[in-house]
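This report concerns only the one structure given below.
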Amino acid sequence: MIQHFIAKETFTHQIECFCPGNIHSTSLTINKMDILEVREQSFTFNNGWYVQAIINNHGCFYIALEDLDQYFYQGKLMSVFDLELDLNYLQLQIDKALVKRDEELFLKSTKQLKEATALKMQIENFLNNEFGSYYLQ
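Taken in order, the sequence shown gives residues 0 to 136; the numbers are from numbering that gives the first Met the number 0.
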């Protein structure tokens with residue numbers, strides 16, 4: 000099963016090399032709004048489970064499941080489902096702020112809602128283009 004994540008912030012990922020001495024290790028910058036596609040293809044190595052990942056349909060690499068989990072729990076990556084939950088929560092916060100007439104909460108929540116909406120639009124456009132081109136083949 001293919002899973003998609005969107006980067007909520009820019010961060011650097013250390014790509015591990017599996018050669019003796021790790022002579023090909025490098026770092027990869029994942030930018031805010033990049034789409035990370037995680038594929039089923041996986042394997043184990045001495046360091047654990049690795050899965051194939053592709054950023055914005057360009058280039059693929061293997062990422063440790065442990066690293067993927069860490070980025071997810073740190074809030075650096077977000078799934079489509081979690082993004083929907085976040086949007087619902089932020090709308091609730093805006094509604095509460097309006098009822099309480101809490102300007103600070105309102106401004107904070109609307110700013111976060113705008114950012115989350117931009118993330119949602121980015122991943123939806125990506126998925127629509129990806130699946131649309133798949134069915135045109």
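We put the beta carbon where it would ideally sit given N, CA and C, even for glycine. Computed from a prediction, not measured in an experiment: that's the story for all the values here.
Legend entry - Buried versus exposed call for residue 57 [16 or more other C-beta atoms within 10 Å across all chains shown]: Within the sequence shown, residue 57 is the residue found at index 58, counting from 1. It counts as exposed.
Legend entry - For residue 90 and residue 99, the rounded distance between their alpha carbons: Sequence index remark: in the sequence shown, residue 99 carries index 100 (1-based). Sequence index remark: in the sequence shown, residue 90 carries index 91 (1-based). Distance between the alpha carbons of residue 99 and residue 90 is about 14 Å.
Inset, instruction - Mind the definition here: the region 43-50 touches the region 99-113 only if three or more C-beta pairs lie below 8 Å; say whether that holds. - result: no
Inset, instruction - Using 10 angstroms around the beta-carbon of residue 62, count the other beta-carbons present and answer buried if the total reaches 16, otherwise exposed. - result: Here residue 62 is taken as the residue at index 63 of the sequence shown, counted from 1. Residue 62 is buried by the Cβ-count criterion.
Inset, instruction - Compare the beta carbon distance of residue 26 and residue 15 with 8 Å and say whether it is the shorter of the two. - result: Against the sequence shown, residue 26 aligns to sequence position 27. Against the sequence shown, residue 15 aligns to sequence position 16. With respect to the 8 Å criterion, residue 26 and residue 15 are not classified as neighbours on the basis of their beta carbons.
Legend entry - Residues near residue 104 in its chain [Cβ-Cβ closer than 6 Å; skip 5 each side]: On the sequence shown, position 105 is the one that residue 104 refers to. Contacts found: 96.
Legend entry - residue 102, DSSP secondary structure in three states: Your numbering for residue 102 matches position 103 in the sequence shown. Residue 102: helix per DSSP, three-state reduction.
Legend entry - Residues of its chain near residue 118, where Cβ-Cβ distance is below 8 Å and the 5 sequence neighbours each way are ignored: Counting from 1 along the sequence shown, the entry for residue 118 is found at position 119. The answer, listed in chain order, is 5, 7, 32, 77 and 82.
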